[in-house]
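This report refers to the structure that appears directly beneath it.
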Amino acid sequence: NLTSYNNNVTDGTGWSQAANTSLTNITNAVQRVRELTVEAANGTQTTADMQASAAEVNQLIDEIKQEGNAQYNGQYIFSGSATTTAPYQSGSGDAYAGNTGQVTREIAPNTPLTVNADLSSVLGSGQTTPGQPAGDGKLLNTLRNIADDMQSGNSSALSGSDLSQLDTNFNSLNGLIANMGATQERLTLASSRIQALQTSDASALSSTQDADMAQTEVNFSTEQAALTAALQAGAHIVQQSLMNFLSS
């Protein structure tokens with residue numbers, strides 16, 4: 695019924711808003727790392743400056759992992775379907791402990807919507823072996839390499855592979871943010887449509903208490919079908935907008 699769908703939309707909105715808040719904070723941290731990397735790559739910083747930058751990058755890595763462990767209603771929002779498991783746990787390096795399962799909410803008849811984001815596709819699991827540069831090429835791996843190269847004063851790596859890989863990771867992060875924005879658009883559309891149907895149903899019930907029940911059921915089914923059609927149309931529009939964004 696509409697109440698159930700409305701509850702699902704409300705819950706899904708909470709999930710997506712929590713995810714967007716964390717993704718925004720991660721974005722700010724990555725932008726700061728990029729600033730530090732550009733400064734360290736110019737070859738004019740002292741050893742002390744480079745060491746200080748490395749320390750700040752390591753601190754930002756910890757902050758990013760804390761954002762990766764964000765929760766909504768006591769559930770980890772970036773652990774896939776393993777919502778009781780912290781994605782990044784102390785004592786396990788940068789290893790990702792969640793999965794890539796989807797968290798879905800049914801926002802209309804036969805219309806499930808994925809409300810979580812696969813942050814592991816951006817952050818990754820860091821270095822495959824502590825102390826070695828080889829890794830998965832994802833954000834945490836890149837940040838560790840940057841911190842190491844700052845520590846060693848390797849300005850060539852900082853200006854080359856490190857900065858290039860960081861920009862690649864940042865683009866992946868922006869893609870994830872765009873996807874969550876599309877999810878929020880669908881939830882907003884669903885909420886508006888459900889509220890309109892609830893108002894319509896309440897008005898009809900108040901004015902026609904003795905209405906023919908068979909006809910009432912037909913009208914309700916028609917409204918449900920309209921809700922589904924509207925959301926599917928909205929999904930197509932949002933998906934096309936997302937594709938245009940990613941291809942621009």
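In the numbering used here, the protein residues as written are 695 to 942. The beta-carbon is built from N, C-alpha and C at its ideal position, and this holds for glycine as well. Every value quoted in this text rests on a predicted model; they were computed, and no experiment measured them.
Quick check: what's the CA-CA separation for residue i versus residue j?
i, j, result
"A735", "T707", "41 angstroms"
"R799", "E750", "39 angstroms"
"S815", "N863", "10 angstroms"
"G795", "T777", "10 angstroms"
"G854", "R728", "13 angstroms"
"S886", "Q859", "41 angstroms"
"T837", "V732", "It is Leu, not Thr, that sits at residue 837 in the sequence shown. When rounded, the distance between both Cα atoms is 13 angstroms."
"Q711", "Q878", "8 angstroms"
"L936", "T808", "Confidence is the limiting factor: at L936 the pLDDT is only 49, short of 50, which leaves the residue's position unreliable, though a coordinate-based value still follows. Roughly 15 angstroms between the two C-alpha positions."
"A780", "M874", "21 angstroms"
"L891", "L881", "15 angstroms"
"S894", "A876", "27 angstroms"
"M744", "L696", "58 angstroms"
"T740", "S846", "12 angstroms"
"Q769", "G820", "23 angstroms"
"D861", "N702", "36 angstroms"
"A742", "V797", "46 angstroms"
For residue i, which residues from the same chain have a beta carbon less than 8 angstroms from its beta carbon, with the 5 sequence-adjacent residues on both sides left out?
i, result
"G818", "D788, Y790, G829, D830, G831, K832, L833, L834 and N835"
"T922", "A802, P803, N804 and T805"
"L867", "L717, I720, T721, V724, V816 and L833"
Can you tell me whether residue i is buried or exposed? The criterion is at least 16 other CB atoms within 10 Å of its CB, across all chains shown.
i, result
"N848", "buried"
"T738", "exposed"
"G774", "buried"
"N865", "exposed"
"N810", "buried"
"N841", "With the sequence shown as reference, residue 841 is identified as Ala, and Asn is not the correct amino acid for it. Classification for A841: buried."
"N767", "exposed"
If I measure Cβ to Cβ from residue i and keep anything under 6 angstroms in the same chain, skipping five residues before and after, which residues do I get?
i, result
"N700", "I888"
"A851", "D843"
"Q783", "A791"
"D812", "T794"
"Q753", "none"
"T704", "none"
"S698", "none"
Using a Cβ-Cβ cutoff of less than 7 angstroms, which residues in the same chain neighbour residue i once the five nearest sequence positions on both sides are dropped?
i, result
"L730", "S747, E750 and V751"
"L940", "With a pLDDT of 48 at L940, under the threshold of 50, the modelled position of this residue cannot be trusted; read the value that follows with caution. Taken in chain order, the residues that qualify are G869 and A872."
"I771", "W709, A712, A713, A764, Q765 and N810"
"G785", "none"
Per the contact definition of three or more C-beta pairs closer than 8 angstroms, is the stretch 743-759 in contact with the stretch 712-728? The stretch 712-728 is in contact with the stretch 743-759.
Would you call the stretch 713-720 in contact with the stretch 761-778, where contact means no fewer than 3 C-beta pairs closer than 8 angstroms? Using a C-beta cut-off of 8 angstroms, the stretch 713-720 makes contact with the stretch 761-778, since at least three inter-stretch Cβ pairs fall below that distance.
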